[in-house]
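Enquirer: Protein chains in written order, with my numbering: chain L, 1 to 168; chain H, 1 to 100. By construction, the Cβ of each residue, glycine as well, lies at the ideal position given by its N, Cα and C atoms. Only a predicted model underlies this, so the values are computations on that prediction, with no experimental measurement involved.
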Amino acid sequence: MSIAMALFIVCGALTIFGAVGLILAKEPVHSALSLILVMVALAVLYLLLGAEFIAAIQILVYAGAIMVLFVFVIMLLNAGEEVRTNLSRLARWVGLPLGVFFLAEMGYLLFHEYAGRAAGAANAPVVASTTDLSMKLFTEFVLPFELTSILILIAVLGAMVLARKEPQ
Amino acid sequence: MVPISYYVILSAVLFGLGVVGFVFKRNIITIFMAIELMLNAVNLAFVAFGTEFNQLDGLVFVFFVIVVAAAEVAVGLGIVIVVARNRKSLNVEDVNLLKF
């Protein structure tokens, strides 16, 4: 077993462990910490795939900025233990079978489509250099890139409008 | 090397776990985190296919997904704060004005 395979198995197991922890945790803070574990493990997987820039912004933006925001809001709202409720009848008899069917269908399609490709993917990964990525980002995708800055501006304004105190 | 199918299957499993969390959790913040988990799963598939087919477009898409996710979290958590202030609760079952 190559070292890449071992790294993949360890990090893949960590992501699934974190995702299951997110679902099973009762306290929202524990869910947030599990999600941080998922994101850090995913960053290692991105490095393994040769996407260094994506791995860096995964840590900086996701594990750094977004999850800090989550933890902040949990602290601000003093979110305690979750109240469990039973599933409604519709969710139990229609939702669960449909969910299982959806997952089975997706699994079947993925195995069917990519099982044959597994042997062809033995070539070494081409490291997607940050230079190439930024070249593409600032030539071909320059309009979407500029639009995202407007999107973030609107999001910041919206968040401020939503979260400010109502004037009494 | 790790075959591409392993990455795609891991991505599908993570997405499925995100859907399960989205459906089963009752805390509005945790539901938001499940949505983030689904976005991450999709990002993994994008990066895997991008490197498999040697195309940088997949990585550019991941970049945009992360930007949109950041904007979404900023607005979404603002909405969560407003809901928590008005309803005095984080349980989504207490937010039922539009419920049929």
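#1: Using CA coordinates, which residue listed in H:Asn40, H:Tyr6, H:Gly78 is at the minimum distance from Ala55 of chain L?
#2: The alpha helix (DSSP H) spanning Val60 of chain H covers which residue range?
#3: For Ala48 of chain H, report the span of its alpha helix (DSSP H) as first-last.
#4: Any residues in the region 1-16 of chain L with a beta carbon nearer than 8 Å to a beta carbon of chain H? Which ones, in chain order?
#5: Using a Cβ-Cβ cutoff of 8 Å, what residues of the region 60-75 of chain H are near chain L? List them in chain order.
#6: So with CB distances below 9 Å, who are the chain L contacts of Leu98 of chain H?
#7: How would you list, in chain order, the residues of chain L whose beta-carbon sits under 7 Å from the beta-carbon of Met38 of chain H?
#8: Asn91 of chain H bridges to which residues according to DSSP?
#9: Excluding sequence positions up to five away, which residues of its chain have a Cβ less than 6 Å from the Cβ of Leu37 of chain H?
#10: Can you tell me whether DSSP reads Glu27 of chain L as helix, strand or coil?
#11: Out of curiosity, what's the CA-to-CA distance linking Ile28 of chain H and Asn91 of chain H?
#12: Identify the contact partners of Ile29 of chain H in chain L, using a Cβ-Cβ distance below 9 Å as the criterion.
#13: Mind checking which residues open and close the alpha helix (DSSP H) that includes Leu137 of chain L?
#14: Do you know how far the Cα of Val8 of chain H is from the Cα of Gly120 of chain L?
#15: Output yes if chain L places a C-beta closer than 9 Å to the C-beta of Arg26 of chain H; else output no.
#16: Nearest to Gly107 of chain L by CA position, among H:Asp94, H:Gly16, H:Phe24, H:Leu98, is which residue?
#17: Give a yes or no on whether 9 Å exceeds the smallest Cβ distance from Val80 of chain H to chain L.
#18: Any beta carbon of chain L sitting closer than 9 Å to that of Val101 of chain H?
#19: Once the 5 residues before and after Asn123 of chain L are set aside, which same chain residues still bring their CB inside 8 Å of it?
#20: Note down, in chain order, every chain H residue with its Cβ under 8 Å from the Cβ of Pro144 of chain L.
#21: Does any residue of chain L bring its CB to less than 9 Å from the CB of Val13 of chain H?
Expert: So, from the listed chains and residues:
#1: H:Asn40
#2: 57-87
#3: 28-52
#4: Ser2, Ala4, Met5, Phe8, Gly12, Thr15, Ile16
#5: Val60, Val62, Phe63, Phe64, Ile66, Val67, Val68, Ala69, Ala70, Ala71, Glu72, Val73, Ala74, Val75
#6: The premise fails here: Leu98 of chain H is roughly 16 Å from chain L at the closest Cβ pair, so nothing lies under 9 Å.
#7: Those do not exist, as Met38 of chain H stays about 10 Å from chain L at its closest Cβ, beyond 7 Å.
#8: H:Asn27
#9: Gly18
#10: coil
#11: 6 Å
#12: Pro28, Ser31, Ala32, Phe70, Val73, Ile74, Leu77, Ala79
#13: 130-139
#14: In this predicted model, Gly120 of chain L has a pLDDT of only 46, less than 50, meaning its place in the structure is not dependable; the value taken from the coordinates is given anyway. Answer to the nearest angstrom: the Cα atoms are 15 Å apart.
#15: yes
#16: H:Gly16
#17: yes
#18: Nothing about residue 101 of chain H can be read from this structure; chain H reaches only from 1 to 100.
#19: Unreliable positioning characterises Asn123 of chain L in this predicted model, as indicated by a pLDDT of 49, which lies under 50. The coordinate reading is nonetheless provided below. The answer is none, since no qualifying residue turns up.
#20: Phe64
#21: yes
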